[in-house]
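Order-wise, the sequence lines are chains A and B. Counting along the first sequence from 1, when you hit position 16 you're at 16 in my numbering, and nothing is skipped either side. Each number in my numbering corresponds to the 1-based position in the second sequence with 471 added. Working notes for the structure below.
Number of protein chains: 2
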Amino acid sequence: MTPPHNPEERPVGALLAPDILAMLDESPELIAAETEELHPADLADVAEAMPFAEIPRFLRTLPKDRAAAVLEYIDEEVRAELLEAMSPEQAAELVSAMTPDERADVLEELDEEHAEDIVEEMPAEARRETEQLRRYEPDTAGGLMTTEFVSEPASTSVEEALRRVRVIARSGRREAMHAVYTTETDGRLAGVLSLRELLAAPEGAKLSDVAWSEVQSVSPFADREEVARVISNYDLVVVPVVSESNHVIGVITVDDVIDAIQEEQTEDVQKLGGLEALDEPYMQIGFWRMLRKRAGWLTALFLGEMLTATAMGRFEKDIERAAVLALFIPLIISSGGNSGSQATSLIIRSIALREMRLRDWWRVALRELPSGLALGTILGMVGFTRIMIWSHFGWADYTGHSTLVATTVGLALIGVVTFGSLTGSMLPFLLKRLGFDPASASAPFVATLVDVTGLVIYFTVALLVLRGTLL
Amino acid sequence: MTPPHNPEERPVGALLAPDILAMLDESPELIAAETEELHPADLADVAEAMPFAEIPRFLRTLPKDRAAAVLEYIDEEVRAELLEAMSPEQAAELVSAMTPDERADVLEELDEEHAEDIVEEMPAEARRETEQLRRYEPDTAGGLMTTEFVSEPASTSVEEALRRVRVIARSGRREAMHAVYTTETDGRLAGVLSLRELLAAPEGAKLSDVAWSEVQSVSPFADREEVARVISNYDLVVVPVVSESNHVIGVITVDDVIDAIQEEQTEDVQKLGGLEALDEPYMQIGFWRMLRKRAGWLTALFLGEMLTATAMGRFEKDIERAAVLALFIPLIISSGGNSGSQATSLIIRSIALREMRLRDWWRVALRELPSGLALGTILGMVGFTRIMIWSHFGWADYTGHSTLVATTVGLALIGVVTFGSLTGSMLPFLLKRLGFDPASASAPFVATLVDVTGLVIYFTVALLVLRGTLL
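The following block contains the structure:
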């Protein structure tokens, strides 16, 4: 896990906040110089540790670019409140100084109306860039990319390119500059080289001599998982977003991909836990919003689980005759559920990591069948032994048929655990085949499925083993 | 999720493999030139798509540095087999050409004996670096770092530093070069600047004029979660590893951190699913190894779940009198388990993301109590209605006391779901407080805990509601 912030240790920013608050009253003009060596992430912590009303005053003591950089690191909710509290002109000035991708993300968090007001106050070029980026869904490559990057015609000499790069670096604009893209005369993408490779290039060479012609790129409509896959597969720091006509329209930097990976992971864990992804931190989400996200799946699973009552209804007479059978119902169905959730989480993760394809389902089934049998046999033997021991020492009374009861429980466990492992491993494939996210509520869903079937298996075994004695 | 590889689409490498295999026989000397524009990751796919015996021949057609880069991307298991099949001299030559961090990782995957043989054949400097890195645990900053980076005295002029950087870049060595570290005269870390900032620096400046003096760094003993936190918090591409005496001893690049994040996430999902982290892909792990990883927790949970049989034993007489009560046991305990696993996965993720601290437990409890009551009331009403409808239409026979049975089930659900939400949210705090990973088998562990208590709640409510009628 890579937490964005560790409140267990007091962060640098929070420690500094009192000093900076004091300076706000006494010598605000010194704050910019005093804090100039700090990372904007730390200054964002300073801001978050202040009373809300002081934050705009603090940001005004900083140069505009610096204030914009700090704003990029401030907590989403606080940032939205801050921008909504400012006049559209003030907000537009700050937001325009952000990188285009951050700008689009920040506006995404505001009310549509506020966002529009701010966009209208932006300088023409920033407005154009912003409107272009806001056309893409936030979870796609287009939504993650920034539009400021460095590209040069492939025919440029290395010296000239280096001179141009230095001019851009000195301009104070905030282009992604880890890679330089080279273009054909018609502007289509020709190649790529890293800043390091540009520095290493021999005197007198052209960019086309030293650039790589195989460029890893993504489409603006690629989802963020695909972007993360390309970045991690090829160990990239930046990946270009390329239009259908093969023009670079933006680049995505690795820091945004890390954030995307973490959000995906949070969603997956929450879906595995059987609820809708919250999309907000637990401590910040409103009570009713959270309730809605949880109640939906919980009720759906409950409705499914009602089938257990129906299934058991068919065996009510048997339970009346041998109440001892009821004692082991929770033990048996929970074992099925546990083995199912093991198998499910293994397979979900393997599918997510693309270790296996959809058509590998039968290979998995061939592995889970013996695994389930082996695990079921282990639990069956433990269960059998438990009943025999309790009965031997008279700790429990199994109406004089303890061996038969123990055999029933043992055999049922083998069946239920095998079924659980198989179902748990196959369900993610089925969900994916049907176009759903395999992680969606899989573990509790498997448990429900296995509960109903587990009861049927248990009572069927009981009828076979106990007919003529207890039943 | 960010899969390292997407077998759903045929990768470039696999498509090329037949051509390259043909060239191996006809014109091996042309392979290097033909493939020189390909990313080493794609060439690794080429190698993996070949018969195993052809891979060494293929690697020998490439320049040594190129072959080493390809080897870095080849699947761990295949790579280990390849190196073990070569003579120690051949292996040492290839491994020495890798970056020091990859070199240490690769040797980690081999038998201790093979690894030693290879290390002994390495040139002195590579051997020294490798032995230094192998002293650190693979999951720590020391185990992730590489020892090749660029540092210059702070008093160096910008021009001189740039000239030196170009010399290093041209040397073909594979230093991490996204950042240049500046040092005091005694070698201690003084500051940092990015390659971009070096290019942007004004003529005539010294490094100390333009470098940042606040450097985000990690200790070699920091675990990989901490490294990921620093990298993601400050949007870094590279983070220096600094000794106690404040000397830079290595750097960790973001690509290795992404791999670490993904491994952590796999572990978390598997632990949530109630098994030990596999540490190997599902399709590759041996049958018995996998069984061991699963059987341990499954048996532990089974032993815990046996308490349900003990708890039910106390109510056996009540079940004999009112078998109808048994029908709803699976429904009630699974609802408790589902609400518990929702709460657990929410809290585990929040703790992992450091959205909350240990001492926030009571805030969470204060949120989960009303959430649990509300969710329990919803399920209770659904359950009540279900029983009344079934009874009304004669689909089920609740021995003439359907309203009382429905009331029992409804009230029990409120109690069980509230208890499940509270237990599920508190358990991760407890596990963390006791020094365990909160993700360890939490969801099934909560389910077991809630099952036992759920039964007691259910039968207690039943005794109160049904005394004098059914019981």
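All residues carry an ideal CB built from backbone N, CA and C; glycine is no exception. The structure presented is a predicted model; accordingly, all values stated were derived computationally and were not measured.
- Rounded to whole angstroms, the separation of the alpha carbons of B/ARG700 and A/ALA92 is 31 Å.
- Annotated as distal: A/ASP111 and A/PRO88, with beta-carbon spacing of 7 Å or more.
- Partner residues in the beta bridge of B/VAL713, as assigned by DSSP, are B/VAL719.
- Sequence-ordered contacts of the segment 333 to 345 of chain A with chain B read ILE333, SER334, SER335, GLY337, ASN338, SER339, SER341, GLN342, ALA343, THR344 and SER345 [C-beta pairs closer than 9 Å].
- Contact annotation: the segment 391 to 403 of chain A does not touch the segment 411 to 419 of chain A, with fewer than three C-beta pairs closer than 8 Å.
- Within chain A, the residues PRO281, TYR282 and MET283 have their CB atoms less than 8 Å from the CB of B/SER821, given in chain order.
- Rounded to the nearest angstrom, the gap between the Cα atoms of B/ALA782 and A/LEU107 is 56 Å.
- Taking a 10 Å sphere around the C-beta of B/TRP759, we find fewer than 16 other C-beta atoms and assign the residue as exposed.
- A direct Cα-to-Cα measurement between A/LEU466 and B/VAL917 gives close to 33 Å.
- The C-beta distance from B/VAL517 to B/ALA488 rounds to 5 Å, short enough to meet the 8 Å contact threshold.
- Remark: C-beta atoms of A/LEU133 and B/PHE773 do not approach each other more closely than 7 Å.
- DSSP links A/ASP223 through a beta bridge to A/THR140.
- In the three-state DSSP reduction, A/GLU203 falls in the coil class, being neither helix nor strand.
- Where A/HIS392 is concerned, the enclosing alpha helix (DSSP H) starts and stops at 361 to 392.
- Every unbroken stretch of the alpha helix (DSSP H) spanning 4 or more residues and falling wholly within the segment 750 to 784 of chain B is given here in chain order: 758 to 784.
- What A/TRP362 touches in chain B, judged by beta-carbon distance under 8 Å, is nothing: the nearest beta carbon there is about 12 Å away.
- Bridge pairing for B/TYR652: B/SER622 and B/VAL663 [DSSP].
- Within its own chain, the residues whose Cβ lies closer than 8 Å to the Cβ of A/ALA32, once the five positions on either side in sequence are excluded, are THR61, LEU62, PRO63 and ARG66, listed in chain order.
- Rounded to the nearest whole angstrom, the C-alpha separation of A/VAL324 and A/LEU404 is 12 Å.
- A/GLU34: member of the alpha helix (DSSP H) spanning 31 to 34, first to last residue.
- In the DSSP assignment, the residues bridged to B/SER628 are B/LYS677.
- Each residue's CA atom was taken as its position, placing A/ARG188 and A/ASN246 some 5 Å apart.
- Here B/SER628 has GLY675, ALA676, LYS677 and LEU678 as same chain residues with Cβ atoms under 8 Å from its own Cβ, once five neighbours each way along the sequence are excluded.
- For B/GLN736, the enclosing alpha helix (DSSP H) begins and ends at 725 to 743.
- Secondary structure at A/THR146: strand, using DSSP grouped into helix, strand and coil.
- Between B/ALA836 and chain A, the shortest Cβ-Cβ separation is not below 7 Å.
- A residue is called buried once 16 or more other Cβ atoms fall within 10 Å of its Cβ, and B/MET754, having fewer, is exposed.
- Taking a cut-off of 8 Å on C-beta distances, the segment 69 to 85 of chain A touches the segment 33 to 44 of chain A, as three or more cross pairs fall below it.
- In this structure the segment 811 to 825 of chain B lies against the segment 895 to 913 of chain B, because at least three pairs of beta carbons, one per stretch, are closer than 8 Å.
- Ranked by Cα distance from B/TYR607, the first of B/LYS742, B/ILE720, B/ALA661 and B/ASP922 is B/ILE720.
- DSSP places B/ARG599 inside the alpha helix (DSSP H), whose first and last residues are 595 to 605.
- Inter-residue distance for A/GLU84 and A/ASP259 is about 25 Å (C-alpha atoms, whole angstroms).
- Here DSSP, grouped into helix, strand and coil, assigns A/ALA396 to coil.
- By the neighbour-count definition (other C-beta atoms within 10 Å, threshold 16), A/LYS293 is a buried residue.
- A/SER213 belongs to the set of residues whose beta carbon lies under 7 Å from a beta carbon in chain B.
- Against chain B, the beta carbon of A/MET306 has neighbours under 7 Å at LEU802 and ARG857, listed in chain order.
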